[in-house]
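Chemist: All residue numbers for the sequence shown refer to my numbering, where the first residue is 1340 and numbers rise by one.
Sharing a structure with you now.
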Amino acid sequence: MILETSVVPRDSAEPCADRLVLGEHVLGVADGATKKPWDTGPDGAELAEAVAGHLAATAAGCPAREAVDGATALVRRLLGDAGVGSAVSFCVLHLGRREIWRVGEGRVLLDGLPVPPRPSGERIVAEARALVLRRHLADDVPEATLRADDPGRAAVQELLRALVGLRNRPDPRYGYGALDGQDVPDLFVEVVPVPGGVREVVITTDGYPEPAPTLAEAERLLAQRLARDPLMLDPPETKGKRPAANSFDDRAYLRVAL
């Protein structure tokens, strides 16, 4: 039974790239990638919409590998080629199989206990951005100025390009999985069994740095973090909260009772 859901764009003036996956057998979230200057074709929002619909139609007996391959083929058709544009990650609960399927950075709580995502090179990009911003703060550049025109984000563009170049490459340290039309290696297709005693599952996109057992608590924690650290430096993220935005990223939340 679905207990709570929410989808909120970081900026009402821009399309939201996060989606809920609400199927008969599969429930979760899809997260379209933030558009990069070099991306071509459909953006992350369009890809997330398509993938969410595809995953919602997952059959009762479908295994994770089959679902990922089907979604990959869909993205390849939308992009017209593999690995040349945006991408989408996802995290879902297959009710019948009692499994979490995750490709990318989705957040998961099983009865309040987190299931951390696998590491990737994104943390290095975030640290590099934070390094640049901290230097400007040390030079007494106002925080508001840095939020309006983020020199840290500008400085890591080549690192972001390098990170995208490792998408779906089986590099155990820096590589990561996402649906971009390329085959997703087994290394990046996480299948997490849900133990029989678990009663509630929370799945969110990474727009919630700290997932929480209820939507109200997740929103409270996010609001506290944004008030304390709108540049998103501690711990670091690859982007911060812009002046007109309500958060640093789009966000989606789903809470399910088993």
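Each residue gets a CB set at the ideal place from its N, CA and C atoms; glycine is no exception.
Nothing here was measured: the structure is a model prediction, and the numbers come from that model.
1. Of all the options 1529, 1576 and 1520, which has the alpha carbon lying nearest to the alpha carbon of residue 1413?
2. Any idea which residues DSSP pairs residue 1430 with across the strands?
3. In whole angstroms, give me the CA-to-CA distance for residue 1570 and residue 1371.
4. Let me know the alpha helix (DSSP H) ranges lying completely inside the segment 1459–1534, each 4 residues or longer, listed in chain order.
5. Please name the residue or residues paired with residue 1373 in a DSSP beta bridge.
6. What number of angstroms, rounded off, separates the C-alpha of residue 1462 from the C-alpha of residue 1468?
7. Could you check whether residue 1407 and residue 1442 sit closer than 8 Å to each other, using their CB atoms as the reference points?
8. CB residue 1295 to CB residue 1593, shorter than 8 Å?
9. Give me the Cα-Cα distance between residue 1589 and residue 1350, rounded to the nearest whole angstrom.
10. For residue 1377, count the other beta carbons within 10 Å of its own beta carbon; 16 or more makes it buried, fewer makes it exposed. Which is it?
11. Could you give the residue range of the alpha helix (DSSP H) that holds residue 1408?
12. Kindly indicate which three-state DSSP category residue 1386 falls into: helix, strand or coil?
Modeler: The short version:
1. Here residue 1413 corresponds to residue number 74 of the sequence shown, with the count starting at 1. Nearest of 1529, 1576 and 1520 to residue 1413, Cα basis: 1520.
2. Sequence index remark: in the sequence shown, residue 1430 carries index 91 (1-based). According to DSSP, residue 1430 bridges with 1368 and 1441.
3. To locate residue 1570, count along the sequence shown from 1; it is residue 231. To locate residue 1371, count along the sequence shown from 1; it is residue 32. Their backbone Cα atoms lie some 22 Å apart in a straight line.
4. 1461–1477, 1482–1487, 1490–1494 and 1496–1504
5. Locating residue 1373 in the sequence shown gives position 34, counting from the first residue. Looking at the DSSP assignment, residue 1373 forms no beta bridge with any residue, so it has no partner.
6. Here residue 1462 is taken as the residue at index 123 of the sequence shown, counted from 1. Here residue 1468 is taken as the residue at index 129 of the sequence shown, counted from 1. Near 10 Å, if we compare the C-alpha coordinates of residue 1468 and residue 1462.
7. The sequence position of residue 1442 within the sequence shown is 103, counting from 1. The sequence position of residue 1407 within the sequence shown is 68, counting from 1. It is a contact, given that the beta carbons lie within the stated cut-off.
8. As shown, the chain starts at 1340 and ends at 1597. That puts residue 1295 outside it, with no answer to give.
9. For the purposes of this step, residue 1589 is identified with residue 250 of the sequence shown, where counting begins at 1. For the purposes of this step, residue 1350 is identified with residue 11 of the sequence shown, where counting begins at 1. If you take the alpha carbons of residue 1589 and residue 1350, they lie about 8 Å apart.
10. Taking the first residue of the sequence shown as 1, we reach residue 1377 at position 38. Classification for residue 1377: exposed.
11. In the sequence shown, counting from the first residue as 1, residue 1408 sits at position 69. For residue 1408, the uninterrupted alpha helix (DSSP H) segment begins and ends at 1403–1418.
12. The residue labelled residue 1386 in the question sits at position 47 within the sequence shown. Here residue 1386 sits in helix by DSSP.
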